[in-house]
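2 protein chains.
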Amino acid sequence: MHMGVAERKERHKEDLKREILDAAKLLFTEKGLEATSIRAIAEKIEYSPATIYLYYKDKNEIVHALHSEGFKLLVSHFEVLNHISHPFERLKGMGRAYIQFALQNPDIYKLIFNMEEPLKHVANCFEEWDEGDRAFDILLKTVGECQKLDYFKDFATEQVSFVIWSTMHGLCTLRTTGHLSHVAAAKASDQDLDQLMSSIFETFVIILEKLKT
Amino acid sequence: MHMGVAERKERHKEDLKREILDAAKLLFTEKGLEATSIRAIAEKIEYSPATIYLYYKDKNEIVHALHSEGFKLLVSHFEVLNHISHPFERLKGMGRAYIQFALQNPDIYKLIFNMEEPLKHVANCFEEWDEGDRAFDILLKTVGECQKLDYFKDFATEQVSFVIWSTMHGLCTLRTTGHLSHVAAAKASDQDLDQLMSSIFETFVIILEKLKT
DNA sequence: GAAATATTATGAACAGTGTTCAGTAAAATT
DNA sequence: AATTTTACTGAACACTGTTCATAATATTTC
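Read top to bottom, the protein sequences are chains A and B.
Quick note on my numbering: the first sequence kicks off at 180 and runs consecutively.
Quick note on my numbering: the second sequence kicks off at 180 and runs consecutively.
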């Protein structure tokens, strides 16, 4: 017996899978990715560690589930911007949303973009990897619309999209891994860092704007 | 007793530290970062696991040593390009060298740029973190020289440098983590991927070139 | 040379990890 | 009420990084 038997049984019945995921997400963002153990997750939801394996085959499967959820969250950040009619303004919004997402969920961001394990899992499962492609499709579409308005018209849509993604991803990764703060001369507060990040982003936006013919 | 006592004693005496590092590097690039254990390193050099702790305080210290070495290697890739007089050509060469380094040493690249543990170690030690700053200084200097020749003249040197670093880093990270191959429609061979990477890089170069007034 | 000392290497252990599995408690069905 | 199905768990396995008392080896002193 572990503890608190009767109380929990009524609280949650079959959405244990959800609860495991929530606990994992919480611990991941709290303690970091590697520092979160199955045992810790089990303790948080007041179950035995072995129970978790009745709902998830692996630790990887939990990571993959969070991966999937995180991506949906990112895409939802993008979809909010659909009302912006001007494609370049929408593109700018996407950039800001991307940065915001990375700063607000640094561990989820790392989980999604800087780890290969979840991707391997996706590759093995032959699953669709929906969200990833969808996010990139949104970018492709937006860039394409920009090109109709004479933005970066001399370039292939795909290439420009990859450049944009690379820049945003590189910026966010440098930030979340701490490299930005190490190189930045001003080793000051996080707010200054975010300001630096913003100014780098704005510089990139201006660069893109200058490509308008 | 472990094995092979007499044989090794003559082979190496005090450069055991080097040998540990070489074994670690080999295993890291072979098996991956997390999958390499102290015990495996010990076995490779035919010593007891405990012996390693006589030469390195931590596993982190080993990682940090590899981090430092890897960075020196990258910087050396840059210094070869010093003979190129035209700064923008030199900048292009740096980009290509950066990509080449990332593709040839993907695990070292991840170690350097996608892990935060080594950076924390650096932060705690108050050590110089020489190489990192030096590499960025080289970039800053090159960008500055380009600006004297009317490349991206309307921009702050630091901001442009960060944008360039972000783009290169993002591209390499997307590649080494496998995201590029997942999104790329052609899920074909690695060579096609490298071609895609090159074309993205060339697109970025053209973008930078267009900023010349 | 032998004895005392300083160096270097190690086996065993500790606390932690992911994971499995036989066995138990509870619920559902007959 | 007896039986089957489901849900859960404790204990164990093989692994991880790390420490420490002990043993083997070099080095120095007499």
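C-beta: ideal position from N, C-alpha, C; glycine also.
Is it buried or exposed, residue i, if we count other Cβ atoms within 10 angstroms and call 16 or more buried?
i                : result
Asp286 (chain B) : buried
Gln279 (chain A) : exposed
Lys392 (chain A) : Lys is not the amino acid found at residue 392 (chain A); the sequence shown has Thr there. Its Cβ having fewer than 16 others within 10 Å, Thr392 (chain A) is exposed.
Arg354 (chain A) : buried
Ala214 (chain A) : exposed
Glu209 (chain B) : exposed
His358 (chain A) : buried
Lys289 (chain A) : buried
Ala229 (chain A) : exposed
Leu205 (chain B) : exposed
Leu393 (chain A) : Any property of residue 393 (chain A) remains undetermined from this structure, which presents chain A solely from 180 to 392.
Asn261 (chain A) : exposed
Val339 (chain A) : buried
His246 (chain B) : buried
His265 (chain B) : exposed
Going by DSSP in three states, residue i sits in which element: helix, strand or coil?
i                : result
Asp194 (chain B) : coil
Asp237 (chain A) : coil
Ala221 (chain A) : helix
Gly211 (chain B) : coil
Thr392 (chain B) : coil
Tyr226 (chain A) : coil
Ile317 (chain A) : helix
Ser345 (chain B) : helix
Ser216 (chain B) : coil
Ile379 (chain B) : helix
Ile263 (chain A) : coil
Ile385 (chain B) : helix
Of all Cβ atoms in chain A, is any one closer than 7 Å to the Cβ of residue i?
i                : result
Ser377 (chain B) : no
Gln338 (chain B) : yes
Leu420 (chain B) : Any answer about residue 420 (chain B) is impossible in this case: the structure gives chain B only from 180 up to 392.
Ser345 (chain B) : yes
Glu295 (chain B) : yes
Ser247 (chain B) : no
Phe257 (chain B) : no
Val242 (chain B) : no
Phe341 (chain B) : yes
Phe315 (chain B) : yes
In the DSSP assignment, the alpha helix (DSSP H) including residue i goes from what residue to what residue?
i                : result
Leu359 (chain B) : His358 to Val362
Phe331 (chain B) : Neither: Phe331 (chain B) is in no alpha helix (DSSP H) and is coded neither H nor E.
Met294 (chain A) : Segment: none, Met294 (chain A) is in no alpha helix (DSSP H) and carries neither H nor E.
Ile278 (chain B) : Pro266 to Gln283
Assuming residue i and residue j make a contact with CB atoms under 8 Å, what is their CB distance in whole Å?
i                : j                : result
Leu350 (chain A) : Ser345 (chain B) : 4 Å
Ala352 (chain A) : Asn293 (chain B) : Residue 352 (chain A) is actually Thr in this sequence, not Ala. With 8 Å as the limit, Thr352 (chain A) and Asn293 (chain B) qualify as a contact, their Cβ atoms being about 7 Å apart.
Leu200 (chain B) : Ile241 (chain B) : 7 Å
Lys394 (chain A) : Leu390 (chain B) : Within the shown structure, residues of chain A are numbered from 180 to 392, placing residue 394 (chain A) beyond reach of any answer.
Phe257 (chain B) : Leu328 (chain B) : Their Cβ separation, rounded to whole angstroms, is 19 Å, which puts Phe257 (chain B) and Leu328 (chain B) out of contact at 8 Å.
Lys236 (chain A) : Ala202 (chain A) : Between Ala202 (chain A) and Lys236 (chain A) the Cβ distance is about 17 Å, and since that is not below 8 Å, they are no contact.
Arg275 (chain B) : Thr321 (chain B) : Going by Cβ atoms, the distance from Arg275 (chain B) to Thr321 (chain B) rounds to 13 Å, so no, they are not a contact pair.
Within the 7 Å Cβ cut-off, does residue i reach chain B?
i                : result
Thr208 (chain A) : no
Gly323 (chain A) : no
Ile230 (chain A) : Note that residue 230 (chain A) is Thr in the sequence shown here, rather than Ile. No, its Cβ sits nowhere closer than 7 Å to a Cβ of chain B.
Gly274 (chain A) : no
Thr382 (chain A) : yes
Phe334 (chain A) : yes
Val254 (chain A) : no
Thr392 (chain A) : no
Thr356 (chain A) : yes
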